[in-house]
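Okay, so here's the structure we're looking at.
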Amino acid sequence: MARLPDPMAAATPAAEELFRELAAKRGRIDGMYRTLLNHPELTRHVGALGSYLRFGSGALAPDLRELTILWMAKQLKAAYEWVKHVPPALEAGLPQELIEALRTGNEAGKLTETQKAVIDAAGCVLYRRSIPQDLQDRVLAHLGLEGLIELVVLCGFYQMIAGVIFAFDVPLPAGAADPFV
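Heads up: the sequence shown is residues 49 to 229, going by my numbering.
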C-alpha cells in the first residue's frame with residue numbers, strides 16, 4: 049500500500065492552521081486533502097485553486113461543474129472523487145437518474161445540449177485533444193470565454209486530484225462503496 053502517513057499525528061503548526069482553514073470551507077477534511085497535508089505549502093495552493101473552482105467561481109454553473117466532475121470521475125474510475133461529488137451534484141440540481149446514467153456510462157440521450165457540449169469539451173481535455181472549433185463555439189455560446197477556460201482548468205484539476213488519490217491509495221470515506229465495481 050502506498051498510503052502516506054497521517055500528517056495530523058505529528059502536525060506542524062502550519063499544517064494544523066491549514067487543516068482548520070480547509071475544514072472551515074469544506075466541512076470535513078479526509079482522504080485527499082488530509083494526504084496532501086504532508087506538504088502544507090503545496091496543499092495551501094491546491095486548496096486555493098480547488099476552493100475557487102468549487103466555491104468562488106461564477107463562470108461555470110454548479111450543475112455543469114458537478115456534471116463535469118462526475119463524468120471525469122467515471123472516465124478515470126476515480127471512486128473517491130465520485131463519492132465525494134454525488135451530494136454536491138444533487139444539491140446543484142442534477143437528477144439522480146442522470147447521475148446514475150453517468151455512473152453506468154449510459155448518459156447518451158439524457159443530456160441537454162449544453163451538458164453534451166460541456167462533456168464533449170471535457171473529453172477533449174481528458175484525451176488531450178484540441179477542442180474543435182465548432183464545439184468550442186457551442187461551449188462559448190453556453191458558457192462564455194471564462195466558462196470555457198474554467199471548464200478546461202476544472203478538468204485538469206480533477207485529473208491531478210485523481211493522480212494523488214491513485215498514487216497514495218487514498219481510501220474512500222468510511223462506509224462508502226466503490227461505485228464502479
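No residue lacks a Cβ here, since even glycine has one placed at the ideal position from N, Cα and C.
Local conformation of lysine 164 per DSSP, three classes: Indexing the sequence shown from 1 puts residue 164 at position 116. Three-state DSSP puts lysine 164 in a helix.
Contact between the region 87-106 and the region 166-181 is defined here as three or more beta-carbon pairs at a separation below 8 Å; is this criterion met? Segments in contact, no.
What is the DSSP secondary structure of glutamate 198, reduced to helix, strand or coil? Residue 198 sits at position 150 when you count from the first residue of the sequence shown. Here glutamate 198 sits in helix by DSSP.
Every unbroken alpha helix (DSSP H) within the region 121-165, with a cutoff of 4 residues, ordered by chain: DSSP runs (the alpha helix (DSSP H)) wholly in the region 121-165: 127-139, 144-152.
Can you tell which of Ala222, Pro227, Val212 has the C-alpha that lies nearest to the C-alpha of serine 51? What you label residue 51 is simply residue 3 of the sequence shown in a count that begins at 1. Before going further, note that residue 51 is arginine rather than serine in the sequence given. Checked all of Ala222, Pro227, Val212; the closest Cα to arginine 51 is Val212.
Mapping the DSSP letters down to three states, classify proline 221 as helix, strand or coil. If you number the sequence shown from 1, residue 221 lands on position 173. Coil at proline 221, not helix or strand.
Taking the beta carbon of alanine 170 as the centre, do at least 16 other beta carbons fall within 10 Å, making it buried, or is it exposed? Residue mapping note: residue 170 aligns to position 122 of the sequence shown, counting from 1. Counting of Cβ neighbours within 10 angstroms places alanine 170 among the buried residues, the total reaching 16 or more.
Please report how far the alpha carbon of leucine 112 lies from the alpha carbon of phenylalanine 214, in whole angstroms. Taking the sequence shown and counting its residues from 1, the one referred to as residue 112 is at position 64. Taking the sequence shown and counting its residues from 1, the one referred to as residue 214 is at position 166. Cα to Cα, the separation comes out at about 25 Å.
Out of Ala58, Arg92, Thr83, point me to the one whose CA is closest to glutamate 69's CA. Within the sequence shown, numbered from 1, the residue matching residue 69 stands at position 21. Considering only alpha carbons, the answer is Arg92.
So, at 6 Å on beta carbons, what are the nonlocal neighbours of glutamate 139 in its own chain, with the 5 sequence-adjacent residues on each side left out? If you number the sequence shown from 1, residue 139 lands on position 91. The answer is none, since no qualifying residue turns up.
So for histidine 87, helix, strand or coil by DSSP? For the purposes of this step, residue 87 is taken as the residue at position 39 of the sequence shown. Residue state, collapsed to three classes: coil.
Whether or not the region 76-84 and the region 101-116 are in contact is what I'm after, with contact meaning three or more pairs of Cβ atoms, one per stretch, closer than 8 Å; do they touch? Output reads no: the region 76-84 does not touch the region 101-116.
Between glutamate 145 and the rest of its own chain, which residues show a CB-CB distance below 8 Å, the 5 nearest in sequence each way excluded? In the sequence shown, the residue the question calls residue 145 occupies position 97. Leaving aside the five residues that flank glutamate 145 on each side, the residues in its chain whose CB is nearer than 8 Å to its CB run, in chain order, Lys158.
Does the beta-carbon of phenylalanine 103 have 16 or more other beta-carbons within 10 angstroms, so that it is buried, or is it exposed? Here residue 103 refers to the residue found at position 55 when the sequence shown is read from its first residue. Exposed.
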